[in-house]
Amino acid sequence: MEPQLILGSSSPRRKSILQYFRIPFTCISPSFEERSVPYQGDPAAYSQELAVGKAESIVQDHNPEGVILTADTVVIYKGKVFNKPSSRDEAIEMLKTLSGQTHSIITSVALLQQKKLMVGQETTQVTFNQLPEKYLGRYVEAFSTLDKCGGYSTQEGGGLIIHNIQGCAYNVQGLPIRTLYHLLLEFDINLWDYLV
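The sequence shown maps to residues 1 to 196 in UniProt numbering.
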């Protein structure tokens with residue numbers, strides 16, 4: 001019997017990563033309001049709370065029978081969380097701050113089915129090139145970065161801004177495959193069975 005997997009996300013990047021496998025899944029956008037959760041100084045706990053909140057909102061709104069998969073990615077630099085920018089100007093300021101620096105990306109992945117909840121995390125270090133400030137507005141507009149935490153994308157023009165990635169590149173895109181693989185095993189779903 002095929003597993004029922006529900007991707008609780010509107011992220012095209014997470015959907016694209018999951019499509020690397022033949023595992024059937026449906027998408028439901030969670031109603032959870034991320035900005036309702038205040039950051040209290042622990043980025044790992046914050047990311048986990050957001051991922052679990054998204055999964056629980058899908059249960060509350062839809063009560064599906066399958067395994068719900070949600071994730072939340074945060075960018076951390078010098079103790080500050082960089083979520084999705086709310087404006088072009090905020091995205092540009094984020095890029096200026098991260099220019100030439102190394103920051104952390106934490107993604108929490110939550111799987112929830114009925115009362116069974118499993119959560120995992122991945123942390124990756126990303127170092128930016130020195131960014132020419134006069135082009136940052138153009139970058140933000142060209143690659144529609146307002147829906148991406150930290151205001152940037154590794155897939156679209158990432159080579160212009162990223163000098164180095166240490167750790168899981170899929171984590172930077174929002175869905176670390178290694179973490180997902182181990183969590184799915186807890187629900188008797190093996191990604192090796194779904195290779196394309």
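All residues carry an ideal CB built from backbone N, CA and C; glycine is no exception.
Unbroken beta strand (DSSP E) run spanning residue i, endpoints
i           : result
residue 19  : Run containing residue 19: none; DSSP gives neither H nor E here.
residue 77  : 67 to 77
residue 159 : Not the beta strand (DSSP E): residue 159 falls in the alpha helix (DSSP H), residues 158 to 161.
residue 7   : 5 to 7
residue 32  : Run containing residue 32: none; DSSP gives neither H nor E here.
residue 26  : 25 to 27
Best match in the options for proximity to residue i [C-alpha to C-alpha]
i           : options           : result
residue 167 : 189, 161, 127     : 127
residue 141 : 90, 103, 58       : 90
residue 96  : 175, 134, 30, 171 : 134
residue 86  : 138, 149, 173     : 149
residue 43  : 54, 104, 146      : 104
residue 174 : 3, 115, 8         : 8
residue 17  : 177, 26, 184, 76  : 177
residue 111 : 33, 101, 64       : 64
residue 33  : 56, 102, 180      : 56
residue 26  : 62, 118, 35       : 62
residue 88  : 28, 19, 136       : 136
residue 36  : 49, 29, 24, 28    : 49
Spatial neighbours of residue i in its chain, beta-carbon cut-off 6 Å, leaving aside the 5 residues before and after
i           : result
residue 157 : 143
residue 70  : 8, 51, 54, 55, 110
Segment limits, alpha helix (DSSP H) that includes residue i
i           : result
residue 173 : 169 to 173
residue 52  : 43 to 62
residue 179 : 177 to 185
Spatial neighbours of residue i in its chain, beta-carbon cut-off 8 Å, leaving aside the 5 residues before and after
i          : result
residue 47 : 72, 73, 74, 106, 107, 108, 121
residue 45 : none
Residue i: CB within 8 Å of a non-hydrogen atom of the ligand FMN
i           : result
residue 158 : Judged by which ligands are present, the structure shown has none, so any question about the ligand FMN falls away.
Beta-carbon contacts of residue i that lie in its chain and below 7 Å, excluding the five residues immediately before and after
i           : result
residue 161 : 128, 129, 131, 152
residue 198 : Because the chain spans 1 through 196 in this model, residue 198 falls outside it and cannot be assessed.
Cα-Cα separation, residue i to residue j
i           : j           : result
residue 193 : residue 14  : 19 Å
residue 188 : residue 154 : 32 Å
residue 6   : residue 84  : 23 Å
residue 92  : residue 196 : 38 Å
residue 3   : residue 171 : 24 Å
residue 67  : residue 38  : 27 Å
residue 198 : residue 40  : Not covered by the structure: residue 198. The range shown for the chain is 1 to 196.
residue 184 : residue 99  : 36 Å
residue 81  : residue 114 : 31 Å
residue 146 : residue 117 : 30 Å
residue 180 : residue 186 : 10 Å
Worksheet item: Which parts of the segment 73 to 151 are runs of the alpha helix (DSSP H), unbroken and 4 residues or longer, counting only runs that do not cross its ends?
Response: 88 to 98, 136 to 142
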